[in-house]
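Participant:
Residue numbers (my numbering): 20 to 449.
#1: Using a Cβ-Cβ cut-off of 6 Å (strictly less than) and excluding sequence neighbours within five positions of residue 265, which residues of its own chain qualify?
#2: How close, in whole Å, do the beta carbons of residue 319 and residue 273 come, if the pair is a contact with beta carbons under 8 Å?
#3: Compare the beta carbon distance of residue 486 and residue 76 with 8 Å and say whether it is the shorter of the two.
#4: Could you give the distance in angstroms between the alpha-carbon of residue 135 and the alpha-carbon of residue 47?
#5: Going by DSSP in three states, residue 395 sits in which element: helix, strand or coil?
#6: What does the alpha-carbon distance come out to for the pair residue 332 and residue 399?
#7: Which same chain residues, not among the five before or five after residue 283, have their C-beta less than 6 Å away from its C-beta?
#8: May I ask you to list the residues that DSSP assigns as paired with residue 141?
#9: Assign residue 219 to one of two classes, buried (16 or more other C-beta atoms within 10 Å of its C-beta) or exposed (fewer than that).
#10: From the DSSP output, in three-state form, read off residue 172 for me.
#11: Determine, using beta carbons only, whether residue 370 and residue 394 come nearer to each other than 8 Å.
#12: Taking 7 Å as the cut-off, does the CB of residue 99 come closer than this to any heavy atom belonging to the ligand HEM?
#13: Use the C-beta contact count for residue 78: other C-beta atoms within 10 angstroms, 16 or more gives buried, fewer gives exposed.
#14: Just grab the DSSP bridge partners of residue 99 for me.
#15: Going by C-alpha distance, which of 28, 151, 128, 390 is nearest residue 184?
#16: Are the Cβ atoms of residue 154 and residue 130 separated by less than 8 Å?
#17: Please state the DSSP three-state secondary structure of residue 81.
#18: Which residues does DSSP list as the beta-bridge partners of residue 226?
#19: Looking at the structure shown, is residue 89 part of a helix, part of a strand, or coil, going by DSSP?
#20: Please classify residue 133: does DSSP put it in a helix, a strand, or coil?
#21: Does residue 256 come out as helix, strand or coil in the three-state DSSP assignment?
#22: Rounded to a whole number of angstroms, what is the C-alpha to C-alpha distance between residue 271 and residue 112?
#23: Kindly list the residues whose CB is nearer than 6 Å to the CB of residue 203, restricted to its own chain and excluding five residues on each side of it in sequence; keep chain order.
#24: Taking all protein chains shown into account, do 16 or more other C-beta atoms lie within 10 angstroms of the C-beta of residue 71, making it buried, or fewer, making it exposed?
#25: Please go through the same chain and pick out, in chain order, the residues whose beta-carbon is closer than 6 Å to the beta-carbon of residue 144, but skip the five residues on each side of it.
#26: According to DSSP, is residue 12 helix, strand or coil?
#27: Terminal residues of the continuous beta strand (DSSP E) containing residue 452?
#28: Please classify residue 142: is it buried, with 16 or more other beta-carbons within 10 angstroms of its beta-carbon, or exposed?
#29: Between residue 247 and residue 206, is the Cβ-Cβ spacing less than 8 Å?
#30: Out of curiosity, what's the CA-to-CA distance linking residue 211 and residue 289?
#31: Exposed or buried, which one is residue 410 when buried takes at least 16 other CB atoms within 10 Å?
#32: Just to confirm before moving on: does the CB-CB distance between residue 242 and residue 390 stay below 8 Å?
#33: Are the CB atoms of residue 100 and residue 175 nearer to each other than 8 Å?
#34: On the criterion of 16 or more Cβ atoms from any shown chain inside 10 Å, does residue 286 qualify as buried, or is it exposed?
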């Protein structure tokens, strides 16, 4: 088996890896590090939890560390773009951990917090910027960061970046990069929109894939519970009585439902916290810290907020609601069974979600075992499935996290529309 020492990494980096207790690289690391050290562009497809961060962080640190001089004000040498602040923070922590014996400066910039410390970091100068698209563009527009000296550009979680609607921001950022650079592109899935973007950014890339697209972690045991929608919280209470569920991620589709589930668990004496886009950054970081340290047993999250949650020891993932995108299911359950451990994924399915379940099973190419020995089993889920609500159907067809709002003008009563039309004609006549 290959060891990190056989990948031609510098001694300071090897010592930092050893201090973390790692000796053997994961498959994505073993395949990615050598070509990245050579300066090649790379297109990587790998599930979450496979070690992607170290796969690009280690060669980046080595390449920059060889000639690490004083960083230039406002002109970083490397840019890592991530879709969420949690993932950006996680990457920033990894860069500091693996590069602690190197004279390199890095900064993490994202929205939802004061921009002043980030401006100060840019003026002071950093070698590496880890950023979310929106805040990076804010800094670019204000002249506090310029990308014309970027040597390495890394785009992580590209599929989620596009799902979140960042395609225009990504194109604006890449347009500001120099043509001659190293580009690294990682994604858990490779739909046509992502592969199309990769084709425009990468030059003769090395292609690395460690698992078939959209497959789930082999060590995750998956189970589904048929249950009526109004009995889901009761089923959750029933499941949480199991002492084997020591550290659990619970997924919902909406922020408000995440808050309601959190309050429900807290009333039952279970340490729980919610993490989603409406939460302040400090609250999100406190929740993550408590979850990581074991003070919080259940973390309730939406899909977008969960990107970047890298916590070892998650014993279970519970899908309180099935996602309307099968790929999101893959991302969700990949939060357990990390670092060689095993894990369990439970999903609650009501009659309106049966179509989502079938899409998921088709995507992962396996049937999920149904648990009937539970007090809230609802056989009608399979016998009499209902069509999803119209709004959910539109979401599933479009693959978008939110359906477009209807034109409010067309929703008005006909009499009011006629009156508005006559008013416009009268104003135009004047």
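For glycine and all other residues, C-beta sits at the position ideal for the given N, C-alpha and C.
Facilitator: Short version:
#1: 334
#2: Not really, about 11 Å apart at Cβ, beyond 8 Å.
#3: This structure gives no information on residue 486, because the portion of the chain shown stretches from 20 to 449.
#4: 37 Å
#5: coil
#6: 35 Å
#7: 252
#8: None, per the DSSP bridge assignment.
#9: exposed
#10: strand
#11: no
#12: As far as ligands go, the structure on display features none, and thus does not contain the ligand HEM.
#13: buried
#14: 149, 173
#15: 151
#16: yes
#17: helix
#18: 62
#19: coil
#20: coil
#21: helix
#22: 27 Å
#23: 61, 75, 173
#24: buried
#25: 90, 91, 92
#26: Here the chain has residues from 20 to 449 only, and residue 12 is not among them.
#27: Since the first residue shown for the chain is 20 and the last is 449, residue 452 is missing from the structure and cannot be characterised.
#28: exposed
#29: no
#30: 42 Å
#31: Bear in mind that a pLDDT of 47 at residue 410, under 50, signals an unreliable position, so the number given afterwards is only what the model happens to contain. So residue 410 counts as exposed.
#32: yes
#33: yes
#34: exposed
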